[in-house]
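Chains D and U supply the protein sequences, listed in that same order. Each residue of the first sequence is one higher than the one before, starting from 1 at the first, in the numbering used here. Each residue of the second sequence is one higher than the one before, starting from 1001 at the first, in the numbering used here.
Protein chains: 2
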Amino acid sequence: MNVVILAHEQFPDRAKTALGLLRYSDDDVVAVLDRDNAGDRVSDHVTGVQDAPIVASMADAPEADALVVGIAPIGGGFDESWRADVRTALERGCDVTAGLHYFLSEDEAFASLAAEHDCDLWDVRKPPDDVGVAEGVASEVDAEVVLTVGTDCSVGKMTATMELARAAEERGVDAAVVPTGQTGVLIEGWGTCVDRVVSDFTAGAVEEMILEVGDDHDVLFVEGQGSIVHPAYSAVTCGILHGTQPDSLVLCHAAGRDAVHGYEDYALPGVETYVDLYESLAAPVHETDVVAGALNTMTVDDDGDARAAVASYETELDVPAGDLVRFADDRERVLEAVL
Amino acid sequence: MNVVILAHEQFPDRAKTALGLLRYSDDDVVAVLDRDNAGDRVSDHVTGVQDAPIVASMADAPEADALVVGIAPIGGGFDESWRADVRTALERGCDVTAGLHYFLSEDEAFASLAAEHDCDLWDVRKPPDDVGVAEGVASEVDAEVVLTVGTDCSVGKMTATMELARAAEERGVDAAVVPTGQTGVLIEGWGTCVDRVVSDFTAGAVEEMILEVGDDHDVLFVEGQGSIVHPAYSAVTCGILHGTQPDSLVLCHAAGRDAVHGYEDYALPGVETYVDLYESLAAPVHETDVVAGALNTMTVDDDGDARAAVASYETELDVPAGDLVRFADDRERVLEAVL
């Protein structure tokens, strides 16, 4: 499928979803919309991802099957400066997909335009109607289930999940990702944003996804969310832990992070506290162990320093750990520990 | 306020909300609707609660300000056999309140009748529009905050919360309840059913309530939900624990319960595991201790056996514990430990 990614004024540094798609999606990205960088190419700004031209608007973009909104302003609203691009896409028969809190499908102008041109509007954050209470049966699927958990939000759980799944596939393992957040859902083209379901259904939402694909693959990599000691988001983390009933855990952390992102009064506890909490909390429902660690060293410039940070994290964790994006040997070593 | 409670065919044993209202509400219950027991009085069936006549329908009930639906069938639907009672209430100018998943305010017939007769329809399970992400500030309120936590669902957290708050008030303490479930919200006349909010807002929903009343009282008793190791509902429990930032915890348990209610493949871990999990999970956000226990001995017929169950629970917990409904001395001892 050919897709265009909207990332106006935020590419690449504040366009996490756009970068995730460029890095991991099986779709062909035929253009990125960014009026601030029109005329450049993606490769002028980021390496190690799909290349594509950057253009100023949908009117300048080549033929495509879908337009994906690849940025999310704080609050998840719809920026009215994007309206012309969405309208042009629909008029050209493109589906439009977004992970905003503002639902495109409930915008009357977009809804009628989509109907007129026979296009789909897919709001990935809108929970499906049939999500319900967990039955406590996720561990019954045939697949081995690996869950990424974190010391905080935005430490690289989605990235670790994708890297491990892709690396496993490269080895010929029949692996699949169970996406639980908007970027993961956009990349995989299916899934439920677990943080948007009714709180009583948190575990049920992830269980349902595992039951849907768990007998069709040998290994599932489930994308975790938040952190078990996050002042605001721990509910989602806990529901995913118990709903997933994972066979093993990969603890994700960002080098240098010592307080909760956005809640700086809250210091992160030590790594061994996280290991103990995730394992002891999971055990009464389904026993599991932290078998590996993923360290995001993006903020560390020097490769030698990054290697040192990885070594220190691995010592604290006492299981294989590494930066799965930066160091290919780390990725293989961590994958070994997981499989 | 004079209220009528609807509890058709389920009073008293399967009418948990009706019993909660009869036991704890400040409102005067002027009738209970139960077509199976019409002609009896509440006191023919239950002691230690408000007495009221039982009548067959709203048409037989005395003047009242509100009709409260005091039962919830599995699935939370609306039983069409109740429609005539709700209609009669609205026609007589009574407000109607319910804790169903089916929202009366979205029933067109009820909505237009309520508008016509200037009545309110209050669906307590419908989350308010302004619930959002927690800021991590609940501990800043002036009040001492006590949270009831549990070994399982339906072990008596709501009851323990009410008993402790009422007993504290009797001692002249300025105490208030922060209700988080439909029965608590119906009894208190305000509050948010935390299990119905968007999962990302779980902690935020309880934090918002604590901020609303936390500077107006000396002690808040926050009603907990579920259990931290429940295969389906732990997300709500975890969000309430971190959103509340309690100063102390009361661990509630039901005598004889050894597996998760409705999930009997899951054995309950030992009491000391719960203490450890609740305390260690809370600590990185806000340190707290289990300072007392509440044991529901309703299924134990003999008072001596109930005393023995309490003694054994207290030994396991190693803090004061008791059945707060059955034994007045227990209630006072546990309250001492909490205040």
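C-beta atoms are modelled at their ideal positions from N, C-alpha and C, and glycine is treated no differently. No experiment lies behind these values; they were computed from the predicted model shown.
Which residue from the options puts its Cα closest to that of residue i?
| i | options | result |
| --- | --- | --- |
| U:V1137 | U:A1015, U:A1205 and U:A1311 | U:A1205 |
| D:R92 | D:L67, D:T297 and D:I187 | D:L67 |
| U:T1089 | U:V1173, U:G1099, U:G1076 and U:D1118 | The displayed chain sequence assigns Ala, not Thr, to residue 1089 of chain U. For U:A1089, the nearest C-alpha among the options comes from U:D1118. |
| U:L1241 | U:S1057, U:S1227, U:A1254 and U:H1253 | U:S1227 |
| D:G181 | D:G20, D:H8, D:L268 and D:Q10 | D:G20 |
| D:A167 | D:P128, D:F221 and D:D36 | D:F221 |
| D:D95 | D:E9, D:P53 and D:G189 | D:G189 |
| U:D1060 | U:G1262, U:T1047 and U:G1039 | U:G1039 |
| U:E1144 | U:V1177, U:P1073 and U:D1120 | U:V1177 |
| D:T355 | D:T237, D:F11, D:G293 and D:E316 | The first residue shown for chain D is 1 and the last is 339, placing residue 355 of chain D beyond what the model contains. |
| D:E287 | U:P1269, U:D1289 and U:T1288 | U:P1269 |
| U:V1213 | U:L1277, U:S1139 and U:V1271 | U:S1139 |
| U:A1235 | D:V260, D:D195, D:G262 and D:G76 | D:D195 |
| D:G132 | U:D1142, U:D1107, U:H1101 and U:V1155 | U:H1101 |
| U:L1104 | U:V1029, U:G1077 and U:V1185 | U:G1077 |
| D:A56 | D:I5, D:D302, D:E116 and D:D276 | D:I5 |
| D:K16 | D:G239, D:A175, D:N37 and D:I71 | D:I71 |
| D:V184 | D:D142, D:M162, D:V173 and D:E169 | According to the sequence as given, residue 184 of chain D is Gly; it is not Val. Checking every option, the nearest Cα to that of D:G184 belongs to D:M162. |
| D:L121 | D:V260, D:D107 and D:Y266 | D:D107 |
With 16 other CB atoms within 10 Å as the buried threshold, where does residue i fall?
| i | result |
| --- | --- |
| U:M1001 | exposed |
| U:A1064 | buried |
| U:D1027 | buried |
| D:R41 | exposed |
| D:P62 | exposed |
| D:G299 | Looking at the sequence provided, one finds Thr at residue 299 of chain D rather than Gly. Exposed, by the Cβ-count rule. |
| U:D1051 | exposed |
| D:S112 | exposed |
| D:A232 | buried |
| D:E223 | buried |
| D:G99 | buried |
| D:S43 | exposed |
| U:D1034 | buried |
| U:G1191 | buried |
| U:I1074 | exposed |
| U:S1081 | exposed |
| D:T47 | exposed |
| D:T315 | exposed |
Residue range of the alpha helix (DSSP H) that residue i falls in?
| i | result |
| --- | --- |
| U:L1185 | Looking at the sequence itself, residue 1185 of chain U is Val, so the reference to Leu does not match. It spans Q1182 to E1188 - the alpha helix (DSSP H) in which U:V1185 sits, taken as one unbroken run. |
| D:S234 | S234 to T244 |
| U:S1248 | Element bounds for U:S1248: not the alpha helix (DSSP H) but the beta strand (DSSP E), S1248 to A1254. |
| U:A1138 | Segment: none, U:A1138 is in no alpha helix (DSSP H) and carries neither H nor E. |
| D:V310 | D303 to L317 |
| D:F110 | E108 to E116 |
| U:L1335 | A1328 to V1338 |
| U:E977 | The structure shown does not extend to residue 977 of chain U, since chain U spans only 1001 to 1339, so no value can be given for it. |
| D:L220 | Where D:L220 is concerned, there is no enclosing alpha helix (DSSP H), although the beta strand (DSSP E) it sits in stretches over V219 to V222. |
| D:A203 | T202 to V213 |
| U:V1275 | V1271 to A1282 |
Along the chain, where does the beta strand (DSSP E) that runs through residue i open and close?
| i | result |
| --- | --- |
| D:A176 | A175 to V178 |
| D:I5 | N2 to L6 |
| U:E1264 | Y1263 to A1267 |
| D:H68 | Here the sequence assigns Val to residue 68 of chain D, which means His is not the residue at that position. Start and end: A66 to V69. |
| U:V1030 | D1028 to L1033 |
| U:A1098 | D1095 to A1098 |
| U:L1295 | D1289 to N1296 |
| D:V103 | Looking at the sequence itself, residue 103 of chain D is Phe, so the reference to Val does not match. Where D:F103 is concerned, there is no enclosing beta strand (DSSP E), given that its DSSP letter is neither H nor E. |
| D:L121 | L121 to D123 |
Would you say the beta carbon of residue i comes nearer than 8 Å to a heavy atom of the ligand COA?
| i | result |
| --- | --- |
| U:D1130 | This structure does not include the ligand COA; it has no bound ligands of any sort. |
Is residue i close to chain B, meaning its C-beta is less than 9 Å from at least one C-beta of that chain?
| i | result |
| --- | --- |
| U:A1167 | Among the chains of the structure shown, chain B does not appear; the protein chains present are D and U. |
Interfacial residues, the segment 241-263 of chain D to chain U, with Cβ spacing under 7 Å: H242 and Y263
Under 7 Å (Cβ pairs) to chain U, residues found in the segment 114-144 of chain D: V133, A134 and G136
Against chain D: residues of the segment 1316-1332 of chain U by CB proximity under 9 Å: none
Positions along the segment 1194-1227 of chain U whose CB lies within less than 7 Å of some CB in chain D: V1194, D1195, R1196, V1197, V1198, S1199, D1200, T1202, A1203 and G1204
Inter-stretch contact at 8 Å, needing at least 3 Cβ pairs: the segment 287-305 of chain D / the segment 248-258 of chain D: yes
Three or more C-beta pairs below 8 Å linking the segment 1273-1283 of chain U and the segment 1320-1328 of chain U: no
Stretch pair the segment 1149-1160 of chain U + the segment 1120-1131 of chain U: three plus CB contacts closer than 8 Å: no
Three CB pairs or more closer than 8 Å across the segment 1243-1250 of chain U and the segment 195-202 of chain D: no
Residues in the segment 1278-1292 of chain U having any Cβ partner in chain D nearer than 7 Å: S1280, L1281, P1284 and V1285
Proximal residues, the segment 1168-1181 of chain U versus chain D, C-beta separation under 8 Å: none
Chain-ordered residues of the segment 1037-1059 of chain U with a beta carbon less than 7 Å from chain D: none
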